[in-house]
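One line per chain: the protein sequences are R and G, in this order.
Here the first sequence is numbered in numbering that gives the first Met the number 0, starting from 0 and rising by one per residue.
Here the second sequence is numbered in numbering that gives the first Met the number 0, starting from 0 and rising by one per residue.
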Amino acid sequence: MMILNASGCLDALTAPTIARSLDAFVTKTVTPLPREGNAPPRIAEVEHGMLNSIGLANPGIDRFLSHTLPRLGELGVQVWVSVGGFATADYADLCDRLDDRPEVAVIELNVSCPNVDDVPASVGEIVGAARAATRKPLYTKLSPATADIAEVALAAQKAGTDGLSMVNTILGLALDGRTLRPCLSRGAGGLSGPALKPIALAAVYACYAATGLPIVGMGGITSGRDALEFVAAGAPSVALGTILFSDPTAPGRIRVELANEIGQLGVGELDNVIGLAHAKPPGPSEISSRTAAVSG
Amino acid sequence: MQRAQVEVTGSEQVGPYTLLHVARGGLDPGLPGQFFMLEAPGRPLPRPMSLCLAPPGELAFLIDAIGSGTRALCALQPGDELAILGPLGNGYRLDVERPLLVGGGIGVAPLPYLSESLGRPPAVLGFRSEGHAEAARLVPNAEVVIEPTYVTAAIPAGHDVLACGPEPMLAAVALLEPGAQLAWEAPMACGHGACYGCAVELDGELKRLCVEGPVLPAEAIAA
Chain R
0 MMILNASGCL DALTAPTIAR SLDAFVTKTV TPLPREGNAP PRIAEVEHGM LNSIGLANPG
60 IDRFLSHTLP RLGELGVQVW VSVGGFATAD YADLCDRLDD RPEVAVIELN VSCPNVDDVP
120 ASVGEIVGAA RAATRKPLYT KLSPATADIA EVALAAQKAG TDGLSMVNTI LGLALDGRTL
180 RPCLSRGAGG LSGPALKPIA LAAVYACYAA TGLPIVGMGG ITSGRDALEF VAAGAPSVAL
240 GTILFSDPTA PGRIRVELAN EIGQLGVGEL DNVIGLAHAK PPGPSEISSR TAAVSG
Chain G
0 MQRAQVEVTG SEQVGPYTLL HVARGGLDPG LPGQFFMLEA PGRPLPRPMS LCLAPPGELA
60 FLIDAIGSGT RALCALQPGD ELAILGPLGN GYRLDVERPL LVGGGIGVAP LPYLSESLGR
120 PPAVLGFRSE GHAEAARLVP NAEVVIEPTY VTAAIPAGHD VLACGPEPML AAVALLEPGA
180 QLAWEAPMAC GHGACYGCAV ELDGELKRLC VEGPVLPAEA IAA
């Protein structure tokens, strides 16, 4: 069981203590060239979540490799590098350049940012090209905005992904209370936070059943109970996103809450919970014996 | 930066604004111009507030109830609890010879603490109405102007200006006093460099106000 941050939800260099409270730190998505991102305003609060239209602001791979990555390597926490591109070849190039860097534990392929206009090629193609370019473990980050996410996950699996990160944000719109114009300069933005949780759980549930791949589950986790539900749906690891904005101490808190939740469940260790949501519902006798075990 | 669960110790009206007092809870008050993220009860995101006053054992924030988060903060009562994170960002440089504090509207919020830190220097404060100008009582040695008079009409020459207020005011102050230190604001989800929501154009690039600012030299920002 690992607790990570969702890409773009923590800057390990400005908040190293928070990064070290995670089992692995996931970078903000790195692209081939530097990007300033979209014009502000690019965040807005909504009921039960927030929208962002940051637009992959990042220093580009050259500067990331020369300046950022060496410093991340000194933090003492495992580093996952999220990469994003605008064509299949971009992903292959980025993976190739990360391949011999010892600081990098895992490469996460961001094939699902909702805040850029150029839609890359199919997920299978991207994963295949990345697979050919690196020996590093690859996790593919999927969007829930698709008719059949399990099909996308299977394509990624066939192309050689080692795991899945899911889900990315989903497009939402907020209008200003007075002007009735979009709050974000780009118009719509990626919805995250508790509003995303049921959507993310459904995606994890479907992809665990379809692929059996290791999954990092994310989408609106704010408590140990939420994390437990992702584990039960099939994600042996979880990532925290929007909660880190409001409560950067959340990793430690959620770790404790999760341990308590598992203790109360009376099923032994966490491994026994992975995928539990897929098991046949317990019969009446099992429920009563479990209740007795808990109360006893 | 530290996060603490603290108790509300008082809430008083200052004109249309609310001065919220909370127990310090072991947090460092930081430098004037630095800010804290205050949990807004019932809202997904906290709200950035510069520190207004640092009485012994307390922190105080001046809040204008303009939206759902600030309304929730202004409704807090003594005994209620909230989480706060800070101090964050870069405050004012205090190594100035002839300080003059300049504030506009709710932008006076960081000036009481700044005034105490600098030995109560003169201040020029601008408000949109007499009611709003009640907040001037928090800042010692203040000259007050009310719209349609603007603070720029009342800034004497030969001072080191430290200002906070709405963007048009800061832009006008920057033109008048290119050496001024200006405290800006921007929508912010986290306050600690993670969300990239508070990007502002700085030296020709979009940078995070929470990391580079919120206090910046006047020449750094194109308003």
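Don't be surprised by glycine CBs; every beta carbon is placed ideally from N, CA and C.
Quick caveat: nothing in here was measured; it's all calculated off a predicted structure.
Endpoints, the beta strand (DSSP E) within which residue 48 of chain G is located: Taking the first residue of the second sequence as 1, we reach residue 48 of chain G at position 49. Element bounds for residue 48 of chain G: 46-49.
Range covered by the beta strand (DSSP E) that runs through residue 163 of chain G: Locating residue 163 of chain G in the second sequence gives position 164, counting from the first residue. Counting along the chain, the beta strand (DSSP E) containing residue 163 of chain G begins and ends at 159-163.
Meets three-Cβ-pair contact criterion under 8 angstroms: the region 9-25 of chain R and the region 47-64 of chain R: no
Strand pairing of residue 0 of chain G, partner residues [DSSP]: Working through the second sequence from its first residue, we reach residue 0 of chain G at position 1. Beta-bridge pairing links residue 0 of chain G to no other residue.
Buried or exposed by the 16-neighbour rule on C-beta atoms within 10 Å, applied to residue 255 of chain R: Numbered from 1 along the first sequence, position 256 holds the residue referred to as residue 255 of chain R. Exposed, by the Cβ-count rule.
C-beta atoms of residue 231 of chain R and residue 257 of chain R nearer than 8 angstroms: Sequence index remark: in the first sequence, residue 231 of chain R carries index 232 (1-based). Sequence index remark: in the first sequence, residue 257 of chain R carries index 258 (1-based). Contact flag unset, no.
Residue 214 of chain R at chain G interface by Cβ criterion, 8 angstroms: Stepping through the first sequence from its first residue, residue 214 of chain R is reached at position 215. No, its Cβ sits nowhere closer than 8 angstroms to a Cβ of chain G.
Contact set between the region 169-190 of chain G and chain R, restricted to residues whose Cβ is under 9 angstroms from the partner: 185, 186, 187, 188, 189 and 190
First through last residue of the beta strand (DSSP E) which encompasses residue 2 of chain R: Counting from one through the first sequence, the residue named residue 2 of chain R turns up at place 3. Taken as a continuous stretch (DSSP letters only), the beta strand (DSSP E) holding residue 2 of chain R covers 2-4.
Given 8 angstroms, three or more beta-carbon pairs between the region 12-21 of chain G and the region 130-139 of chain G: yes
Separation of residue 183 of chain G from residue 166 of chain G, as counted between CA atoms: Taking the second sequence and counting its residues from 1, one reaches residue 166 of chain G at position 167. Taking the second sequence and counting its residues from 1, one reaches residue 183 of chain G at position 184. Looking at the two C-alpha atoms, the distance is approximately 7 angstroms.
DSSP bridge partner residues for residue 214 of chain R (one or two, in chain order): Working through the first sequence from its first residue, we reach residue 214 of chain R at position 215. Answer by DSSP bridge pairing, in chain order: R:163.
Test item: CB-CB of residue 207 of chain G and residue 217 of chain G under 8 angstroms: By one-based count along the second sequence, residue 207 of chain G stands at place 208. By one-based count along the second sequence, residue 217 of chain G stands at place 218. For residue 207 of chain G and residue 217 of chain G, no; Cβs fall outside 8 angstroms.
Exposed unless 16 or more other CB atoms sit within 10 angstroms - verdict on residue 188 of chain G: The sequence position of residue 188 of chain G within the second sequence is 189, counting from 1. With 16 or more other Cβ atoms within 10 Å, it is buried.
Residue 103 of chain G versus residue 124 of chain G: straight-line alpha-carbon distance, rounded: Numbered from 1 along the second sequence, position 104 holds the residue referred to as residue 103 of chain G. Numbered from 1 along the second sequence, position 125 holds the residue referred to as residue 124 of chain G. When rounded, the distance between both Cα atoms is 6 angstroms.
Length of the line joining the Cα atoms of residue 175 of chain R and residue 186 of chain R: Position 176 of the first sequence holds residue 175 of chain R. Position 187 of the first sequence holds residue 186 of chain R. Roughly 11 angstroms separates the two Cα atoms.
Residue(s) in a DSSP beta bridge with residue 305 of chain R: No answer is possible for residue 305 of chain R: it lies beyond the span of chain R, which begins at 0 and ends at 295.
Nearest-angstrom Cα separation, counted from residue 263 of chain R out to residue 293 of chain R: To locate residue 293 of chain R, count along the first sequence from 1; it is residue 294. To locate residue 263 of chain R, count along the first sequence from 1; it is residue 264. Below a pLDDT of 50, predicted positions are generally treated as unreliable, and residue 293 of chain R, at 48, falls in that range; the measurement from the model is reported next regardless. Whole-angstrom Cα-Cα distance: 7 angstroms.
From G:200, G:19 and G:24, residue whose alpha carbon lies closest to that of residue 40 of chain R: Residue 40 of chain R sits at position 41 when you count from the first residue of the first sequence. Of G:200, G:19 and G:24, the residue nearest in Cα terms is G:200.
Below-8 angstroms beta-carbon distance, residue 81 of chain G vs any chain R residue: Sequence index remark: in the second sequence, residue 81 of chain G carries index 82 (1-based). With 8 angstroms as the cut-off, residue 81 of chain G does not count as an interface residue toward chain R.
Cβ of residue 168 of chain R within 8 angstroms of any chain G Cβ: On the first sequence, position 169 is the one that residue 168 of chain R refers to. No, no contact with chain G.
Residue 51 of chain R at chain G interface by Cβ criterion, 8 angstroms: On the first sequence, residue 51 of chain R is found 52 positions in, with the first residue counted as 1. True, the Cβ-Cβ gap to chain G drops below 8 angstroms.
Other residues of its chain near residue 139 of chain G: CB distance less than 7 angstroms, five sequence neighbours each side excluded: Looking up residue 139 of chain G in the second sequence gives position 140. The residues are 114 and 119.
Rounded separation between residue 54 of chain G and residue 20 of chain G - CA only: Translated into positions along the second sequence, residue 54 of chain G becomes position 55. Translated into positions along the second sequence, residue 20 of chain G becomes position 21. Approximately 9 angstroms between the Cα atoms of the pair.
7 angstroms CB neighbourhood of residue 116 of chain G in its chain, flanking five on each side removed: Looking up residue 116 of chain G in the second sequence gives position 117. Correct list, in chain order: 31 and 93.
Residue 78 of chain G: contacting residues in chain R (beta-carbon distance under 7 angstroms): By 1-based counting over the second sequence, the position of residue 78 of chain G is 79. Residues of chain R passing the Cβ test: none, with the nearest at roughly 22 angstroms.
Nearest to residue 96 of chain R (by Cα), restricted to the options R:208, R:240, R:242 and R:63: If you number the first sequence from 1, residue 96 of chain R lands on position 97. The residue with the shortest Cα to Cα distance from residue 96 of chain R is R:63.
Residue-level contact to chain G via CB, residue 26 of chain R, 8 angstroms cutoff: As a working mapping, residue 26 of chain R is identified with position 27 in the first sequence. No, residue 26 of chain R does not count as interfacial toward chain G.
Near-chain G residues of the region 225-250 of chain R (beta-carbon distance less than 8 angstroms), N- to C-terminal order: 241, 243, 244, 245, 246, 247 and 248
Coarse secondary structure for residue 193 of chain R, derived from DSSP in three states: Counted from its first residue, the first sequence places residue 193 of chain R at position 194. Three-state result, residue 193 of chain R: helix.
CB contact below 8 angstroms: residue 45 of chain G versus chain R: Numbered from its first residue, the second sequence carries residue 45 of chain G at position 46. For residue 45 of chain G, the answer is yes, since a Cβ of chain R falls inside 8 angstroms of its Cβ.
Other residues of its chain near residue 1 of chain R: CB distance less than 7 angstroms, five sequence neighbours each side excluded: The count along the first sequence starts at 1 and reaches residue 1 of chain R at position 2. 22, 23 and 236.
Rounded distance between the beta-carbons of residue 83 of chain R and residue 54 of chain R, thought under 8 angstroms: Translated into positions along the first sequence, residue 54 of chain R becomes position 55. Translated into positions along the first sequence, residue 83 of chain R becomes position 84. In fact, because the Cβ distance is near 11 angstroms, the residues do not count as touching under 8 angstroms.
Listed by chain order, chain G residues near residue 192 of chain R by CB distance under 9 angstroms: Indexing the first sequence from 1 puts residue 192 of chain R at position 193. Neighbours of residue 192 of chain R on chain G, chain order: 43 and 44.
Cutoff 7 angstroms; reference residue 22 of chain G; Cβ partners in own chain excluding five residues on either side: Translated into positions along the second sequence, residue 22 of chain G becomes position 23. Cβ within range, chain order: 5, 6, 8, 56 and 57.
Environment of residue 3 of chain R [buried if 16+ CB atoms lie within 10 Å]: Along the first sequence, one-based indexing puts residue 3 of chain R at 4. Its Cβ being crowded by 16 or more others within 10 Å, residue 3 of chain R is buried.
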